[in-house]
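Asks: Numbering (this note's numbering), first residue to last: 12 to 433. Glycine included, C-beta positions come from ideal geometry on N, C-alpha and C. Every value quoted in this text rests on a predicted model; they were computed, and no experiment measured them. Before I ask anything, here is the structure I am working with.
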Amino acid sequence: MAPRPGVPRDIPLRLESLVKGGANAGHTIYNAEGKKFALHLVPSGILNEETLCVIGNGAVVHLPGLFEEMDGLESNGVSCKGRLLVSDRAHLLFDFHQVVDGLREAELATSFIGTTKRGIGPCYSSKVIRNGLRVGDLRHMDTFRQKLDILLRDAASQFKGFNYNADMLREEVESYKRFAEWLEPFIADTVHFINESFLQNKKILVEGGQATMLDIDFGTYPFVTSSSPSAGGICTGLGIAPRCVGDLIGVVKAYTTRVGSGPFPTEILGKGGDLLRAAGMEFGTTTALNLTKLDVLSELPEIKVGVSYKQLGGKRVESFPADLQVLEQIQVDYEVLPGWQSDISSIRKLFYAATCSVRAEPVINQQLVDVGIVCIFKDLRPENPTYRCEFGYGQVGLDLKANCNLHNCIRLETRDWSQFSS
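Shown next as structure tokens:
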């Protein structure tokens, strides 16, 4: 396969891919110099000069937002030229999708979903009913106008508040003629490219967004996103076989948050919730676990860990319920741990934190989720640099109420993740 323009064949190529969703989830990153980047569509690996990034076929792409993001990177010394590929199969998210998203939410009134109004749901709706436009359609502007006209007429027929006319169509077509020229160097058959990269043993990292509880199938439906952000979406979102998927690393925060509406049994209200939102900067940018933001809990006198659910009558709930009526009435059993109430942001190895209560929480998390903790990350701000720790693990059989010693049950060693970070 011929190399992409601007991408020499002999560089130690690494790929990072965004597989699902659009600009409804943001990733805030600080590079080695402490400069802040807020990314929504461009994969985070763009900050590593040796990484080629891919927006996969399962994503939905709002081109004005993508170009704005690329310009922001360029102005900060990070170029996307020759380092970003956009799948020709990815669907185009138009401005009208965002308008329709807001109209749909308004119609729901008190039953609103809590959407980000980024147009994600309406765009996936267009995809599923098969009148959407894809990135590849930008190469055929002779038929683009007719397809867009059908799409806009369909939206106008569904929403009285959406006013469609010939001027809107003309303006959109003219805009997308320019967009097509700008995007052309980045458009690629990413399905073929990624599968060829597998055959060449390239290192590939797939970047997820959002969360399992927002998955269209496994989340708190209907308070979910419109795609599959869980691991199952990797194959369909990139066009690869299941046998190609290697290590799966789930990422969790030391505390749980959610955006929008929907049931949240362990929600912390009042001053405690306000403290976590402020300390953790939880205001949005829009088979192992990475445990993040552990130091955000430092100010709490005690840490309550939700360990199980039960119904009002006391009957234990063995799995996360799909029935929202059950979920809204659920009661939570908590394990209460003493807080450490000391600054752990400068701790470089958790081995040295064994004298404080922080040692118990990763152990509890491991036993409850039945997977090992690969990394523990601290707050992302540059004044609190991130240190990465890998834990070897086997069977963990500890009394959770005991004052257990972390390094009696978990082997601590360092692991280099720098190949996928700047």
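#1: Does the distance from the C-beta atom of Leu323 to that of Pro332 stay below 7 Å?
#2: What residue does the alpha helix (DSSP H) around Gly438 start on, and which one ends it?
#3: List, from N- to C-terminal side, the alpha helix (DSSP H) runs of 4 residues or more that fit wholly inside the stretch 69-116.
#4: As a quick exercise: from Gln342, His108, Val53, pick the residue whose alpha carbon is nearest that of Glu85.
#5: Any idea if Pro133 is buried or exposed, counting beta-carbon neighbours within 10 angstroms, 16 or more meaning buried?
#6: Would you tell me roughly how many angstroms separate the C-alpha atoms of Leu103 and His151, rounded to the nearest one?
#7: Tell me whether Tyr187 is buried or exposed, calling it buried when 16 or more other Cβ atoms sit within 10 Å of its Cβ.
#8: What did DSSP end up calling Gln320 once you bin it into helix, strand or coil?
#9: Just how far apart, CA to CA, sit Val89 and Asp258?
#10: Quick one: residues in its chain with C-beta nearer than 6 Å to the C-beta of Leu149, no 5 flanking neighbours on either side, listed in chain order?
#11: Under a three-way DSSP split, which group does Ala177 fall into?
#12: Return the bridge partner residues of Lys47 from the DSSP annotation.
#13: Going by DSSP in three states, Gln342 sits in which element: helix, strand or coil?
#14: Expressed to the nearest angstrom, what Euclidean distance is found between the alpha-carbon atoms of Ala49 and Gly33?
#15: Drop a sphere of 10 angstroms on the beta-carbon of Ala117, count the other beta-carbons inside from all chains shown, and report buried for 16 or more, exposed for fewer.
#16: So Leu149 is in the alpha helix (DSSP H); what residue range does that whole segment cover?
#17: Among all the DSSP beta bridges, which residues are the ones paired with Ile227?
#18: Please say whether His38 and Ser55 have beta carbons closer to each other than 7 Å?
#19: Once the 5 residues before and after Leu159 are set aside, which same chain residues still bring their CB inside 7 Å of it?
#20: Distance check for Leu163 and Glu218, CA to CA, integer angstroms please.
#21: So what does DSSP say about Leu119, is it helix, strand or coil?
#22: Can you confirm whether the stretch 311-327 touches the stretch 339-349 when touching is taken to mean that 3 or more C-beta pairs between the two stretches lie within less than 8 Å?
#23: Beta-carbon within less than 6 Å of Phe155's beta-carbon, same chain only, minus the 5 sequence neighbours each way: which residues are those?
#24: Quickly, what does DSSP pair Ala199 with across the bridge? List them, please.
#25: Using a Cβ-Cβ cutoff of less than 7 Å, which residues in the same chain neighbour Leu119 once the five nearest sequence positions on both sides are dropped?
#26: Distance, Cα to Cα, Ile161 vs Val65?
#27: Using C-beta distances below 8 Å, list every residue in its chain close to Asn142, excluding the 5 sequence neighbours before and after it, in chain order.
#28: In chain order, what residues of the same chain have a beta carbon less than 7 Å from the beta carbon of Asp200, not counting five sequence neighbours either side?
#29: For Val146, I'd like the list of residues in its chain whose CB is within less than 8 Å of its CB, leaving aside the five on either flank, ordered along the chain.
Replies: Short version:
#1: Taking the first residue of the sequence shown as 1, we reach residue 323 at position 312. Taking the first residue of the sequence shown as 1, we reach residue 332 at position 321. In this structure, Pro332 does not lie closer than 7 Å to Leu323 by Cβ.
#2: What the structure shows of the chain is the stretch from 12 to 433, and residue 438 is not part of that stretch, so it cannot be assessed.
#3: 74-86
#4: Within the sequence shown, residue 85 is the residue found at index 74, counting from 1. Selected option, being the one with the closest Cα: Val53.
#5: By one-based count along the sequence shown, residue 133 stands at place 122. Classification of Pro133: buried, given that the 10 Å Cβ count is 16 or more.
#6: Position 92 of the sequence shown, counting from 1, holds the residue named residue 103. Position 140 of the sequence shown, counting from 1, holds the residue named residue 151. For Leu103 and His151, the distance between alpha carbons rounds to 14 Å.
#7: Here residue 187 refers to the residue found at position 176 of the sequence shown. Tyr187 is buried by the Cβ-count criterion.
#8: For the purposes of this step, residue 320 is identified with residue 309 of the sequence shown, where counting begins at 1. It should be pointed out that residue 320 corresponds to Tyr in this sequence rather than to Gln. Strand at Tyr320.
#9: As a position in the sequence shown, residue 89 is number 78, starting the count at 1. As a position in the sequence shown, residue 258 is number 247, starting the count at 1. For Val89 and Asp258, the distance between alpha carbons rounds to 29 Å.
#10: Here the question's residue 149 lines up with position 138 in the sequence shown. Excluding residues within five positions, the ones whose Cβ falls inside 6 Å are Ala191.
#11: Against the sequence shown, residue 177 aligns to sequence position 166. Ala177: helix per DSSP, three-state reduction.
#12: Counting from 1 along the sequence shown, the entry for residue 47 is found at position 36. For Lys47, which the question treats as bridged, DSSP gives the partners Tyr41.
#13: Working through the sequence shown from its first residue, we reach residue 342 at position 331. Strand at Gln342.
#14: Start at 1 with the first residue of the sequence shown, and residue 49 comes out as number 38. Start at 1 with the first residue of the sequence shown, and residue 33 comes out as number 22. Straight-line Cα distance between these residues: approximately 14 Å.
#15: In the sequence shown, counting from the first residue as 1, residue 117 sits at position 106. With fewer than 16 Cβ atoms within 10 Å of its Cβ, Ala117 is classed as exposed.
#16: Taking the first residue of the sequence shown as 1, we reach residue 149 at position 138. First-last for Leu149: undefined, no H or E at that position.
#17: On the sequence shown, residue 227 is found 216 positions in, with the first residue counted as 1. In DSSP, Ile227 forms no bridge with anything.
#18: If you number the sequence shown from 1, residue 55 lands on position 44. If you number the sequence shown from 1, residue 38 lands on position 27. Contact flag set, yes.
#19: The sequence position of residue 159 within the sequence shown is 148, counting from 1. Excluding positions up to five away in sequence, the list reads Leu144, Leu180, Glu183, Val184.
#20: In the sequence shown, counting from the first residue as 1, residue 218 sits at position 207. In the sequence shown, counting from the first residue as 1, residue 163 sits at position 152. When only Cα atoms are considered, Glu218 and Leu163 end up about 32 Å apart.
#21: Position 108 of the sequence shown holds residue 119. Leu119: helix per DSSP, three-state reduction.
#22: yes
#23: Indexing the sequence shown from 1 puts residue 155 at position 144. Excluding residues within five positions, the ones whose Cβ falls inside 6 Å are Asp148.
#24: Locating residue 199 in the sequence shown gives position 188, where the first residue counts as 1. Ala199 pairs with Ser98.
#25: Against the sequence shown, residue 119 aligns to sequence position 108. Counting only Cβ-Cβ distances below 7 Å, and skipping sequence neighbours, we find nothing.
#26: The sequence position of residue 161 within the sequence shown is 150, counting from 1. The sequence position of residue 65 within the sequence shown is 54, counting from 1. Going from the Cα of Ile161 to the Cα of Val65 covers about 29 Å.
#27: Here residue 142 refers to the residue found at position 131 when the sequence shown is read from its first residue. Closer than 8 Å at Cβ, skipping near neighbours: Lys158, Ile161, Leu162, Asp165.
#28: As a position in the sequence shown, residue 200 is number 189, starting the count at 1. These residues qualify, in order along the chain: Asp99.
#29: Against the sequence shown, residue 146 aligns to sequence position 135. Counting only Cβ-Cβ distances below 8 Å, and skipping sequence neighbours, we find Val72, Val97, Ser98, Asp99, Arg100, Ala101, His102, Leu103, Leu194, Ile198.
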